[in-house]
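A.B. asks: What follows is a single structure, and I will ask about it in a moment.
Number of protein chains: 2
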Amino acid sequence: MTAADAGHAAASASNTNEILVSLLLMFAGAKLFAEIFERLKQPSVVGEILAGVLIGPSVLGWVTPNEITHTLAELGVIFLLFSVGLETKPRSILQVGGTAGMVAVLGVIVPFFAGWAYMHFSGHSNIESLFLGAAMVATSVGITARVLSGMGLLSLISSRIILGAAVIDDILGLLVLAVVSSMAGGAIDYAEIGATAALSIGFVVAVATIGASAMKRATPRIARLRIGHSLFIGAVLLCFGLATVAATIGIAAIIGAFLAGMALAEPTEQEHETHEQVRGITEFFTPFFLVNIGMQLNVDAFANRETIVAALVVTALAVVTKFVGCGLAAIRLGARRAAQIGVGMAPRGEVGIVVAQIGLGMGVISDKVFAVVLFMAVATTMIAPPLLVPLFRNEAKPAPG
Amino acid sequence: MTAADAGHAAASASNTNEILVSLLLMFAGAKLFAEIFERLKQPSVVGEILAGVLIGPSVLGWVTPNEITHTLAELGVIFLLFSVGLETKPRSILQVGGTAGMVAVLGVIVPFFAGWAYMHFSGHSNIESLFLGAAMVATSVGITARVLSGMGLLSLISSRIILGAAVIDDILGLLVLAVVSSMAGGAIDYAEIGATAALSIGFVVAVATIGASAMKRATPRIARLRIGHSLFIGAVLLCFGLATVAATIGIAAIIGAFLAGMALAEPTEQEHETHEQVRGITEFFTPFFLVNIGMQLNVDAFANRETIVAALVVTALAVVTKFVGCGLAAIRLGARRAAQIGVGMAPRGEVGIVVAQIGLGMGVISDKVFAVVLFMAVATTMIAPPLLVPLFRNEAKPAPG
Numbered sequence: 001m002t003a004a005d006a007g008h009a010a011a012s013a014s015n016t017n018e019i020l021v022s023l024l025l026m027f028a029g030a031k032l033f034a035e036i037f038e039r040l041k042q043p044s045v046v047g048e049i050l051a052g053v054l055i056g057p058s059v060l061g062w063v064t065p066n067e068i069t070h071t072l073a074e075l076g077v078i079f080l081l082f083s084v085g086l087e088t089k090p091r092s093i094l095q096v097g098g099t100a101g102m103v104a105v106l107g108v109i110v111p112f113f114a115g116w117a118y119m120h121f122s123g124h125s126n127i128e129s130l131f132l133g134a135a136m137v138a139t140s141v142g143i144t145a146r147v148l149s150g151m152g153l154l155s156l157i158s159s160r161i162i163l164g165a166a167v168i169d170d171i172l173g174l175l176v177l178a179v180v181s182s183m184a185g186g187a188i189d190y191a192e193i194g195a196t197a198a199l200s201i202g203f204v205v206a207v208a209t210i211g212a213s214a215m216k217r218a219t220p221r222i223a224r225l226r227i228g229h230s231l232f233i234g235a236v237l238l239c240f241g242l243a244t245v246a247a248t249i250g251i252a253a254i255i256g257a258f259l260a261g262m263a264l265a266e267p268t269e270q271e272h273e274t275h276e277q278v279r280g281i282t283e284f285f286t287p288f289f290l291v292n293i294g295m296q297l298n299v300d301a302f303a304n305r306e307t308i309v310a311a312l313v314v315t316a317l318a319v320v321t322k323f324v325g326c327g328l329a330a331i332r333l334g335a336r337r338a339a340q341i342g343v344g345m346a347p348r349g350e351v352g353i354v355v356a357q358i359g360l361g362m363g364v365i366s367d368k369v370f371a372v373v374l375f376m377a378v379a380t381t382m383i384a385p386p387l388l389v390p391l392f393r394n395e396a397k398p399a400p401g
Numbered sequence: 001m002t003a004a005d006a007g008h009a010a011a012s013a014s015n016t017n018e019i020l021v022s023l024l025l026m027f028a029g030a031k032l033f034a035e036i037f038e039r040l041k042q043p044s045v046v047g048e049i050l051a052g053v054l055i056g057p058s059v060l061g062w063v064t065p066n067e068i069t070h071t072l073a074e075l076g077v078i079f080l081l082f083s084v085g086l087e088t089k090p091r092s093i094l095q096v097g098g099t100a101g102m103v104a105v106l107g108v109i110v111p112f113f114a115g116w117a118y119m120h121f122s123g124h125s126n127i128e129s130l131f132l133g134a135a136m137v138a139t140s141v142g143i144t145a146r147v148l149s150g151m152g153l154l155s156l157i158s159s160r161i162i163l164g165a166a167v168i169d170d171i172l173g174l175l176v177l178a179v180v181s182s183m184a185g186g187a188i189d190y191a192e193i194g195a196t197a198a199l200s201i202g203f204v205v206a207v208a209t210i211g212a213s214a215m216k217r218a219t220p221r222i223a224r225l226r227i228g229h230s231l232f233i234g235a236v237l238l239c240f241g242l243a244t245v246a247a248t249i250g251i252a253a254i255i256g257a258f259l260a261g262m263a264l265a266e267p268t269e270q271e272h273e274t275h276e277q278v279r280g281i282t283e284f285f286t287p288f289f290l291v292n293i294g295m296q297l298n299v300d301a302f303a304n305r306e307t308i309v310a311a312l313v314v315t316a317l318a319v320v321t322k323f324v325g326c327g328l329a330a331i332r333l334g335a336r337r338a339a340q341i342g343v344g345m346a347p348r349g350e351v352g353i354v355v356a357q358i359g360l361g362m363g364v365i366s367d368k369v370f371a372v373v374l375f376m377a378v379a380t381t382m383i384a385p386p387l388l389v390p391l392f393r394n395e396a397k398p399a400p401g
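Read top to bottom, the protein sequences are chains C and X.
Quick note: the first sequence uses full-length UniProt numbering, first residue 1, plus one each step.
Quick note: the second sequence uses full-length UniProt numbering, first residue 1, plus one each step.
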């Protein structure tokens, strides 16, 4: 043990208490605001994000986002999508694949060009404009999934289209980002982008089509293992494993987690016990995901009028373009379902932030544009749920299965 | 957002994948070795600790302990003790309070003096000898609790005495540490130590005596809250809250978590669902606790013969002195139960390491002595389970409730 290690270890020991206090504040704050919002008949997810805005650096400064809160948030959205996957049979997504593909494609093209055009015509460089467009592309499906799952409406046709479209949308977002990043770096590497496309599409198609039957065959073997709760352990490992593969390919870890859930969605003997245990982890981690979104907001960046206007315009564009693009793609299902899908795809959350971080890291977008993306990402997650709830109210709960 | 924040954020984004891989390695490694050890009819906890030794810096170096693994480990032992508390009615501990108190007192005095004497007579300074004694005091009850819980034997009289003694032992350990630290700092502050003693004893007695009835009254109200899974959320908040209070007072966070579990041990209507959800979190986090213990070991420190001998002697003393001290205190229950208790109190785990870290931070113990304590802490957790299993085998499973 070196002196530096020892110092680190001692610091960790004395930090334990501070970390516990932070986690307690995040969890308790989230649940307090969830309860208040439920009583006001508002979506609890918005309350939990607002709790993050309040306890984060913007307002009270009680908790500063750090690697630990970031990791718990990431685990939160991973287990959230895993839980949603557990309630989603692969067949139910494949059935709506065509519409979901259309929703994803139009939901990428319209926001991308709108974002680029707004920035371009307000005098930003072409590459900065392209990055803002790319940051407006990818939907963060966690928020919508949480709302629909809470209402027990995950198996509605619009919910299934949203989930399917979010997966395709994430792959398209990765490709847009790859193109834009390589343009910023110099020339476009078509071979590498083609390989990324093939790898990500191959992964998703392979797991979606053969995952469920593979897990059906594996389940009796896993059930026979000597370790306790082996089905639960196996489920967690599959979720973690596919999330890690997805992240390694470059698509979001949550896509892997969602596919892992779908692969286990067919009922098994000990289904109930395992699902309750997964629900325990999900309910524990999800508040950290929601609070962490709110904590990203930094109001200090909005000291001047210009940035405020840009943030509001970009947020409005982000909502309207997804609504129009995704809604149009689903218009043959009727206006109500088109609207449900258009609003459900609006939240950008952590995905837009990651794109902007990469642009910032490459030095092609300014701190101000980064602040604008942060605002747009947080604001779209808070705007969507209050619109979703009335749009989905009075939907008959679909029959189980 | 400052440039440093942005840099940190970008670094976090690119680290996500690396962190996911680390967590996957820890979880998968733990469960692989648990399965292997189960098949060899050895305790799975030892396999999980060994997985940590292997993937940690000592052998393969795949995962380096850091703040994130430390936090997950801490959450692991907190939820482990919370789960154990859920299976432990306060009455069942209070009934054996006298014996548990004796076990704790002798289990503190004998190792403390043995540790001090060994160091003193092998030529170390008085204060370094006192710190080693202090590091040998506190039992880390997580390992024993995990083994007994896995065997379904938590309500045996010896199990209950071990749990009660571990709580008292932790308070005594805190006081020994307070005395030794203040001696290292100059003079003993009797007033402050008295206040610490009063506060920690008051906290434990208050929660143990009135916690259960307070929670019984609060449960119907919590069940009526609007947020989903409110009983589970309430349980997690109580666990987190009391763990944080305990850590703030200075006793181990796990004591607070254990007391929180006990306060909720009386059956409620939705008990089963909530308990399954808590089991989910516990089974998810516990492997990180066990792997993290193994990862603490640093074989590099044992390059010379002198340190190896010291590590082996201190480990032997640690096991024998708890066995003799705690066993003697419980001898009127018969040799078998005395042996069960003496072995069950042997693991030192993270508690001894924290004491040594404080000594290192104060500059009163050397890197070598720190390495010896680390070895003793890890080795005692690996020695106890294989001895516990045969000692508890053939015990009739107590009737539920």
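Backbone N, C-alpha and C define an ideal beta-carbon position, used for all residues, glycine too.
So, is the C-beta of L317(C) closer than 8 Å to a C-beta in chain X?
C.D. replies: no
A.B. asks: For G85(C), which of L23(C), L259(C) and G342(C) has the nearest alpha-carbon?
C.D. replies: L259(C)
A.B. asks: Using C-beta distances below 7 Å, list every residue in its chain close to E38(X), excluding the 5 sequence neighbours before and after it, in chain order.
C.D. replies: S44
A.B. asks: Could you name the residues of chain X that R279(C) contacts, counting a contact when the two beta carbons are closer than 8 Å?
C.D. replies: H229, Q277 and G280
A.B. asks: Consult DSSP for D189(C) and reduce its assignment to one of helix, strand or coil.
C.D. replies: coil
A.B. asks: Quick check on T2(X): buried or exposed, where buried means 16 or more other Cβ atoms within 10 Å of its Cβ?
C.D. replies: With a pLDDT of 37 at T2(X), under the threshold of 50, the modelled position of that residue is not reliable, and the figure given next carries that caveat. Counting Cβ neighbours within 10 Å, T2(X) comes out exposed, since fewer than 16 surround it.
A.B. asks: Tell me whether the beta-carbon of E74(C) lies closer than 8 Å to the beta-carbon of A206(C).
C.D. replies: Cβ distance not < 8 Å, so E74(C) and A206(C) don't count as in contact.
A.B. asks: Exposed or buried, which one is G61(C) when buried takes at least 16 other CB atoms within 10 Å?
C.D. replies: exposed
A.B. asks: By Cβ distance, which residues of its chain are closer than 7 Å to V372(X), with the 5 residues on each side in sequence left out?
C.D. replies: T307, A310, A311 and V314
A.B. asks: For the region 86–120 of chain C, which residues have a beta carbon sitting closer than 9 Å to at least one beta carbon of chain X?
C.D. replies: none
A.B. asks: At the level of alpha carbons, what is the spacing between L94(X) and L360(X)?
C.D. replies: 37 Å
A.B. asks: Just the chain X side, please: which residues come within less than 8 Å of K31(C) by C-beta, in chain order?
C.D. replies: Ordered by position in chain X, the residues that pass the 8 Å Cβ test against K31(C) are I227, I233 and L237.
A.B. asks: List, in order along the chain, the chain C residues whose C-beta lies closer than 7 Å to that of A28(X)?
C.D. replies: L237
A.B. asks: Kindly confirm or deny that the region 154–166 of chain X and the region 179–192 of chain X touch, where touching means at least three C-beta pairs closer than 8 Å.
C.D. replies: no
A.B. asks: Within its chain, find whatever has a CB closer than 7 Å to the CB of S12(X); leave out the 5 residues flanking it on each side and keep chain order.
C.D. replies: Below a pLDDT of 50, predicted positions are generally treated as unreliable, and S12(X), at 45, falls in that range; no measurement from the model is reported.
A.B. asks: Between G123(C) and chain X, is the shortest Cβ-Cβ distance under 8 Å, so that the two count as touching?
C.D. replies: Answer no: the Cβ-Cβ gap between G123(C) and chain X never drops below 8 Å.
A.B. asks: Can you name, in chain order, every residue of its own chain whose Cβ lies under 6 Å from the Cβ of L175(C), other than the five neighbours on each side?
C.D. replies: A197
A.B. asks: Runs of 4 residues minimum, wholly inside the region 340–398 of chain X: which ones carry the alpha helix (DSSP H) assignment?
C.D. replies: 349–361 and 367–392
A.B. asks: Can you tell me which of M262(C), L388(C) and E395(C) puts its alpha carbon nearest to the alpha carbon of F82(C)?
C.D. replies: M262(C)
A.B. asks: Using a C-beta to C-beta distance shorter than 9 Å, which residues of chain X count as neighbours of E74(C)?
C.D. replies: T16, I19 and L20
A.B. asks: Which class does S122(C) belong to by DSSP, given the choice of helix, strand or coil?
C.D. replies: coil
A.B. asks: Give me the Cα-Cα distance between V53(X) and A318(C), rounded to the nearest whole angstrom.
C.D. replies: 49 Å
A.B. asks: Reducing DSSP to helix, strand and coil, say where Q42(C) ends up.
C.D. replies: coil
A.B. asks: Under a three-way DSSP split, which group does T64(X) fall into?
C.D. replies: coil
A.B. asks: Quick check: what's the CA-CA separation for H272(C) versus G101(X)?
C.D. replies: One C-alpha to the other measures close to 42 Å.
A.B. asks: Please tell me whether A10(X) has its Cβ less than 8 Å away from any Cβ of chain C.
C.D. replies: Confidence at A10(X) is low in this model, with a pLDDT of 41, below 50, so the placement of that residue is unreliable and no value is reported for it.
A.B. asks: Closer than 9 Å by beta-carbon distance: list the chain B residues that pair up with G241(C), in chain order.
C.D. replies: Looking for chain B here will not work: the only protein chains present are C and X.
A.B. asks: Here's the rule I'm using: 16 or more other beta-carbon atoms within 10 Å means buried, otherwise exposed. How should V180(C) be labelled?
C.D. replies: buried
A.B. asks: For my contact list, R348(X) and T139(X) are in at a C-beta cut-off of 8 Å; report their separation, rounded to the angstrom.
C.D. replies: 7 Å
A.B. asks: Taking Cβ positions, are Q42(X) and P390(X) nearer each other than 8 Å?
C.D. replies: no
A.B. asks: Taking only beta-carbon atoms, is T196(X) less than 8 Å away from chain C?
C.D. replies: no
A.B. asks: Scan the region 130–153 of chain X for residues whose Cβ lies nearer than 9 Å to a Cβ of chain C and list them as they occur along the chain.
C.D. replies: Within the region 130–153 of chain X, G150 place their CB atoms closer than 9 Å to a CB of chain C, listed in sequence order.
A.B. asks: Check whether chain X comes within 8 Å of A6(C), counting only Cβ atoms and requiring the distance to be less than that.
C.D. replies: With a pLDDT of only 39 at A6(C), under 50, the local geometry of the prediction cannot be trusted, and no value is derived from it.
A.B. asks: Is DSSP giving S230(X) helix, strand or coil here?
C.D. replies: helix
A.B. asks: For the region 246–274 of chain X, which residues have a CB atom closer than 7 Å to at least one CB atom of chain C, in sequence order?
C.D. replies: A247, T248, A253 and E273
A.B. asks: Counting C-beta neighbours from all protein chains within 10 Å, is the total for F121(X) 16 or more, i.e. buried, or is it exposed?
C.D. replies: exposed
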